[in-house]
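For the sequence shown, our numbering assigns the number 33 to the initial residue and increments by one for each residue that follows.
The C-beta atom is built at its ideal place from N, Cα and C for all residues, glycine as well.
See below for the structure under consideration.
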Amino acid sequence: MDKKVFVSAGGSGIGRCIAEAFLKNGDQVFVCDINAESLAQFKQDFPQLHTYSCDLAQPDAIQDMFQQVVHTFGHLDVLVNNTGISGPTVAAEDLNLEDWNAVLNLNLNSTFLMTKLAIPYLKQSIGGSIINLSSIAGRLGYPYRLAYSTSKWGIVGFTKTLSMELGIDNIRVNAILPGAVDGERVQHVLQARADLANISLEQATQNALNNQSLKYFVDPKHIADLCVFLTSESGRSISGQILPIDGDKQYLN
Ligand SMILES: NC(=O)c1ccc[n+]([C@@H]2O[C@H](COP(=O)([O-])OP(=O)(O)OC[C@H]3O[C@@H](n4cnc5c(N)ncnc54)[C@H](O)[C@@H]3O)[C@@H](O)[C@H]2O)c1
């Protein structure tokens, strides 16, 4: 049976990949994003997609958007909390409160609010599912990314606790912790590291791969496949799990 799936910040990147996987699975998908252009492009490629442009840093915007989700779907089977910004790469003593708050607000507060609004509609599903995007930075420490790492460890506690609260309603809650994912974001991180250390991009890439078992970055499609699996009949006994998908990375630097 097709599912009603919501993906936050799904206009591009990993979120779009996840949304595409559900669309290709025959599910009904609603995505929101701050970038109206990327949403329009996505809808052009998949006309059946439901889109909504909003800034998830604004609680009122989330409330308005969620009314549209409910109006479109009635109930919800799958909530993918994909939203997440990294914030600045600086030493803790140089991190200002404004940047700290911006990261925690988007990564944690918006995820909380989305989930709070979604729970009554997930309860109407025969088997609801919540997937939260954490990060390897939610499993390991991440120097110079204090706010990001703190928020992603927060997502782990959020996931474990919600799983315990919602199991009685047959709602599963899991977290996916990607490592370095092939794409624009990682290229920017690597280029910044190369610039800082005065080395080439190739050397920075090699350094990043040295500390993981598999010598390639994560394909975002593999994260999307994991989402589809977790929400399928085959994944119906999996809840409260913290699932790294990172080529077995040993540390972050
Ligand atoms: N890319 C990686 O290597 C990586 C690794 C680990 C975890 N993650 C996590 O996976 C998730 C997706 O990562 P990504 O790399 O695809 O992200 P991204 O930086 O590519 O951004 C994804 C989308 O978020 C949207 N967005 C940004 N601010 C927004 C706002 N205020 N309101 C609404 N939408 C907004 C952007 O427009 C974009 O379409 C995040 O939670 C991230 O922390 C990513």
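So, is residue i buried or exposed, given that buried needs 16 or more other C-beta atoms within 10 angstroms?
i    : result
K299 : One cannot answer for residue 299 here, as it falls past the ends of the chain, which runs 33 to 285.
S266 : exposed
F261 : exposed
G170 : buried
T147 : buried
P276 : buried
L246 : exposed
E130 : exposed
E52  : buried
T191 : buried
A236 : buried
T263 : buried
G173 : exposed
N128 : exposed
A123 : exposed
S232 : exposed
N286 : Any question about residue 286 goes unanswered here, given that the chain covers just 33 to 285.
R177 : buried
From the options, pick the residue whose C-alpha is nearest to that of residue i; which is it?
i    : options                : result
A207 : W132, V112, Q219, N242 : V112
F105 : A226, T263, K36, E216  : K36
C86  : I270, T182, D65, Q273  : D65
V110 : R177, P152, V122       : P152
L165 : M196, D214, L233, C259 : C259
F31  : Q100, G279, V218, G45  : Look at the range of the chain in this structure, 33 to 285, and you will see that residue 31 is not part of it.
G215 : Q76, S245, I274, I46   : I46
G189 : M97, Q73, S167         : S167
I200 : R177, S181, K155       : K155
N243 : N230, R268, N285       : N285
N137 : S271, S118, L228, V205 : S118
H82  : P91, Q95, D92, A68     : A68
H254 : A41, C49, M97, G42     : C49
Q21  : D251, P252, Q223       : Nothing about residue 21 can be reported from this structure: the residues present for the chain run from 33 to 285 only.
V205 : S44, Q273, P175        : Q273
L209 : G116, S157, M196       : G116
S40  : L71, D59, D34          : L71
R250 : I270, K281, S269       : The question names Arg, but residue 250 in the sequence shown is Val. Residue K281 is the option with its Cα nearest to V250.
Per DSSP, residue i forms a beta bridge with which residues?
i    : result
Y84  : C64
N206 : I163
F38  : F62, L111
I277 : P210
V250 : V213
Curious, which full-length beta strand (DSSP E) runs of at least 3 residues does the stretch 189 to 243 contain? 204 to 210
Could you give the uninterrupted runs of the alpha helix (DSSP H) lying entirely in the stretch 74 to 118, keeping only those of 4 residues or more? 91 to 105
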